[in-house]
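K.L.:
This is the structure I have questions about; it appears just below.
Protein chains: 2
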Amino acid sequence: MPWGIRLAALDRSLISRLPLFQGLTPDEQSEILRSARSSRYPKDSAIFEQETEAHSFFVLVAGHIRVVRTTPDGQQVIARYISEGEIFGVAAALGRTTYPASAIAAVDCVVLAWANALWPELTRRFPAFGATTYKTVGTRLQETQTRVVEMSTEQVEQRVAHALLRLANQTGRKTASGIEIDFPISRQDIAEMTGTTLHTVSRLLSKWEDNGIIVSGRQKVTVKDAHRLVVLAENRDKG
Amino acid sequence: MPWGIRLAALDRSLISRLPLFQGLTPDEQSEILRSARSSRYPKDSAIFEQETEAHSFFVLVAGHIRVVRTTPDGQQVIARYISEGEIFGVAAALGRTTYPASAIAAVDCVVLAWANALWPELTRRFPAFGATTYKTVGTRLQETQTRVVEMSTEQVEQRVAHALLRLANQTGRKTASGIEIDFPISRQDIAEMTGTTLHTVSRLLSKWEDNGIIVSGRQKVTVKDAHRLVVLAENRDKG
DNA sequence: CGGACAATTTGCGCTGGCGCAAACTCGGGA
DNA sequence: TCCCGAGTTTGCGCCAGCGCAAATTGTCCG
Numbered sequence: 004m005p006w007g008i009r010l011a012a013l014d015r016s017l018i019s020r021l022p023l024f025q026g027l028t029p030d031e032q033s034e035i036l037r038s039a040r041s042s043r044y045p046k047d048s049a050i051f052e053q054e055t056e057a058h059s060f061f062v063l064v065a066g067h068i069r070v071v072r073t074t075p076d077g078q079q080v081i082a083r084y085i086s087e088g089e090i091f092g093v094a095a096a097l098g099r100t101t102y103p104a105s106a107i108a109a110v111d112c113v114v115l116a117w118a119n120a121l122w123p124e125l126t127r128r129f130p131a132f133g134a135t136t137y138k139t140v141g142t143r144l145q146e147t148q149t150r151v152v153e154m155s156t157e158q159v160e161q162r163v164a165h166a167l168l169r170l171a172n173q174t175g176r177k178t179a180s181g182i183e184i185d186f187p188i189s190r191q192d193i194a195e196m197t198g199t200t201l202h203t204v205s206r207l208l209s210k211w212e213d214n215g216i217i218v219s220g221r222q223k224v225t226v227k228d229a230h231r232l233v234v235l236a237e238n239r240d241k242g
Numbered sequence: 004m005p006w007g008i009r010l011a012a013l014d015r016s017l018i019s020r021l022p023l024f025q026g027l028t029p030d031e032q033s034e035i036l037r038s039a040r041s042s043r044y045p046k047d048s049a050i051f052e053q054e055t056e057a058h059s060f061f062v063l064v065a066g067h068i069r070v071v072r073t074t075p076d077g078q079q080v081i082a083r084y085i086s087e088g089e090i091f092g093v094a095a096a097l098g099r100t101t102y103p104a105s106a107i108a109a110v111d112c113v114v115l116a117w118a119n120a121l122w123p124e125l126t127r128r129f130p131a132f133g134a135t136t137y138k139t140v141g142t143r144l145q146e147t148q149t150r151v152v153e154m155s156t157e158q159v160e161q162r163v164a165h166a167l168l169r170l171a172n173q174t175g176r177k178t179a180s181g182i183e184i185d186f187p188i189s190r191q192d193i194a195e196m197t198g199t200t201l202h203t204v205s206r207l208l209s210k211w212e213d214n215g216i217i218v219s220g221r222q223k224v225t226v227k228d229a230h231r232l233v234v235l236a237e238n239r240d241k242g
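If you want it as structure tokens, here you go:
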């Protein structure tokens, strides 16, 4: 449950730097913001749940969100992570009435939400807003297809290496010892991103740590030698 | 290569029955059609190729199209099949400048094409056209994610069963002996849809044929007992 | 500061499905 | 009609990665 609060005065600076709102004038940004509702979600709470009626779409202002699909028999697959500034839960824009997955706060999050009913008007009045959203959707479709290709053609080791590299690129934070993934991520999470088991992920990370490619701890991974990880990821065993 | 022909008079009846053009008046349909170019593509020819500049988007008027992604080392994965009436190659609508996959005619095809430059105007003047397209995109994103989930959680046998059921539902033709997939599809094709090898697919189909669940021939599969195939597809081994 | 739980590591045995190879068969073109 | 090549079938051996189980290590909370 969010400890939902309608912030007294949403600051335009919250969103003005986001790609989604580029190409809009300050006045337009303020206006869009006025129709938004802001909420905080504590770590591990759900912003929305799979199969439930889609009432809103969202922008992540701060934090990290895990998008999870659960199978009828309870197995979970992580569809993607949402980073700061991204739009998500855009079921409305794609003509769906329910959310196809759940969105879970990986850390405490701040989120803006708009009622789906506002979507048509927003896109009509601010075409750039719709175009950017659809561009994001296009990117996600392509990324998802890339994942299908990886799962079809790569070994587990390559898939896990690819996943780590992607996380490091998208959400990595430079530290003294390397690029650290800046939200808590477990072996189980990585397994659910790559279609393997936490045991296999653990074995791989242990090996890589021995080789000095990464350092890792409890729910934490730091990539020390991205280059060697790339080599592993692209290893052409099965040509 | 298409033996491209600009048909003298495109008949509105070509498209009036398609969901994509529902909600448009006959006049509007005719007008949209006027800005289209029609081409025929013989079996196995490419409508467009992966990574090439996206110049147009398309509607399949007749035939079946295979959408294929090829990896740097030459392995192929079938992203989906396009059936009559579907829109495809909508890179423009999603802000991409190149096609993320190749589209290959699985049989002789008839295709309508519009220059990407027309997209903004078409969606502006015919909002229902854009909405339907984005709904299709949403469906495909969800289907692709479902495929990721299947590849993460199911055994090969279940995945192949699911793939056959999907093909039977989407493009099946009722015959005396069952539901026949009405375009040529090889064991290799099925393998590329499910992330396995043609050998494994062949073994599974042989077994199913022995069990009377399907009958199959060269580039041909007919589902005789869909119900038992569903049981195989949903088999909860790993619960 | 101590307990309890969650996350991680690691060993061991097994097997689903792949790689390789060879035989076979259908269908279409000369 | 015959031949050729693409598509298919099937046997065999192997191994990547899983399932199971148990030990170990952090971390948070009282």
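From first to last, the protein sequence lines stand for chains A and G. FYI, in the numbering used here the residues of the first sequence are 4 to 242. FYI, in the numbering used here the residues of the second sequence are 4 to 242. Glycine included, each C-beta is placed from N, C-alpha and C at the ideal position.
(1) Which residue marks the beginning of the alpha helix (DSSP H) containing V140(A), and which one marks its end?
(2) For K56(A), which residues of its own chain have a beta-carbon under 7 Å away from its beta-carbon, when the five flanking residues on both sides are left out?
(3) Got a sec? Which residues, its chain only, sit under 6 Å from T199(A) by beta carbon, not counting five neighbours each side?
(4) Taking only beta carbons into account, state which residues of the region 62-86 of chain G come closer than 8 Å to chain A, listed in chain order.
(5) Name the DSSP bridge partner or partners of T178(A)?
(6) Ignoring anything shorter than 3 residues, give me the beta strand (DSSP E) runs that lie fully in the region 7-90 of chain A, in order along the chain.
(7) Name the DSSP bridge partner or partners of V226(G)?
(8) Can you look up V114(G) in the DSSP assignment and give me helix, strand or coil?
(9) What residues in the region 128-157 of chain G bring their beta carbon closer than 7 Å to a beta carbon of chain A?
(10) Look up S189(G) in the DSSP assignment and say whether it is helix, strand or coil.
(11) Does any residue of chain G bring its CB to less than 9 Å from the CB of G198(A)?
(12) What residues from chain G crowd round R99(A), counting only those whose CB sits closer than 7 Å?
(13) Taking P103(G) as the query, report the chain A residues whose CB atoms sit under 9 Å from its CB, ordered along the chain.
(14) How should H67(G) be labelled, buried or exposed, when 16 other C-beta atoms within 10 angstroms of its C-beta is the threshold for buried?
(15) Output, in chain order, the set of chain A residues within a Cβ distance shorter than 8 Å of A265(G).
(16) Beta-carbon of A106(A) versus every beta-carbon of chain G: anything under 9 Å?
(17) Restricting to Cα atoms, I'd like to know which of A94(G), D228(G), I35(G) is closest to E212(G).
(18) So, is V234(A) buried or exposed, given that buried needs 16 or more other C-beta atoms within 10 angstroms?
(19) Please tell me whether E87(A) and V64(A) are closer than 9 Å, where the distance is taken between their beta carbons.
(20) For S209(A), is the classification buried or exposed, using 16 other Cβ atoms within 10 angstroms of its Cβ as the cut-off for buried?
(21) Which same chain residues, not among the five before or five after L17(G), have their C-beta less than 6 Å away from its C-beta?
(22) Please work out which residues of its chain come closer than 7 Å, Cβ to Cβ, to A166(G), disregarding the five sequence neighbours upstream and downstream, and give them in chain order.
(23) Give the straight-line distance between the Cα atoms of D30(G) and I81(G), rounded to the nearest whole angstrom.
(24) With a 10 Å radius around its C-beta and 16 neighbouring C-beta atoms as the bar for buried, classify A109(A) as buried or exposed.
(25) Please state the DSSP three-state secondary structure of A104(G).
(26) Any beta-carbon of chain A closer than 9 Å to the one on A166(G)?
(27) Using 9 Å as the limit for Cβ to Cβ distance, is E54(A) near chain G?
(28) Please list the partners that A96(A) has in chain G, where partner means a Cβ-to-Cβ separation under 9 Å.
(29) Between the alpha carbons of A96(G) and K223(A), how many angstroms are there, rounded?
(30) When you compare the CB of E34(A) with every CB in chain G, is at least one pair closer than 9 Å?
P.N.:
By the coordinates alone:
(1) Boundaries of the alpha helix (DSSP H) harbouring V140(A): 130-156, taken from the DSSP string.
(2) First, the residue type needs correcting, since residue 56(A) is Glu and not Lys in the sequence shown. Counting only Cβ-Cβ distances below 7 Å, and skipping sequence neighbours, we find T100, T101.
(3) Around T199(A), the same chain offers V159 as residues with beta carbons nearer than 6 Å, after the five sequence neighbours per side are excluded.
(4) Going along the region 62-86 of chain G in chain order, one finds R72, T74, D76, G77, Q78, V80, A82 with a Cβ nearer than 8 Å to chain A.
(5) According to DSSP, T178(A) shares a beta bridge with G181(A).
(6) List check, beta strand (DSSP E) in window: 40-44, 49-51, 59-65, 68-73, 79-85.
(7) According to DSSP, V226(G) bridges with I182(G), I217(G).
(8) The answer is strand: DSSP assigns V114(G) an E or B state.
(9) Taking 7 Å as the Cβ-Cβ cut-off against chain A, the residues of the region 128-157 of chain G that qualify are A134, Y137, K138, V140, G141, R143, L144, Q145, T147, Q148, R150, V151, V152, M154, S155, T156.
(10) In this structure, S189(G) counts as coil in the three-state DSSP scheme.
(11) Yes - at least one Cβ of chain G is within 9 Å of the one on G198(A).
(12) Under the 7 Å cutoff, chain G gives G141.
(13) G141, L144, Q145, Q148, T149, listed in chain order.
(14) Looking at its Cβ environment, which holds 16 or more other Cβ atoms inside 10 Å, H67(G) is buried.
(15) Within the shown structure, residues of chain G are numbered from 4 to 242, placing residue 265(G) beyond reach of any answer.
(16) Interface flag for A106(A) against chain G is unset, since no Cβ pair is found closer than 9 Å.
(17) Among A94(G), D228(G), I35(G), the Cα nearest to that of E212(G) belongs to D228(G).
(18) With fewer than 16 other Cβ atoms inside 10 Å of its own Cβ, V234(A) counts as exposed.
(19) Cβ atoms of E87(A) and V64(A): closer than 9 Å.
(20) Exposed is the call here.
(21) So the list reads V64, once near-sequence residues are dropped.
(22) Contacts found: I193, M196, T197.
(23) Distance between the alpha carbons of D30(G) and I81(G): 37 Å.
(24) With 16 or more other Cβ atoms within 10 Å, it is buried.
(25) A104(G): coil per DSSP, three-state reduction.
(26) For A166(G), the answer is no, since every Cβ of chain A falls outside 9 Å of its Cβ.
(27) The C-beta of E54(A) comes no closer than 9 Å to any C-beta of chain G.
(28) In chain order: Y137, G141.
(29) Straight-line Cα distance between these residues: approximately 38 Å.
(30) It does not; no Cβ of chain G falls within 9 Å.
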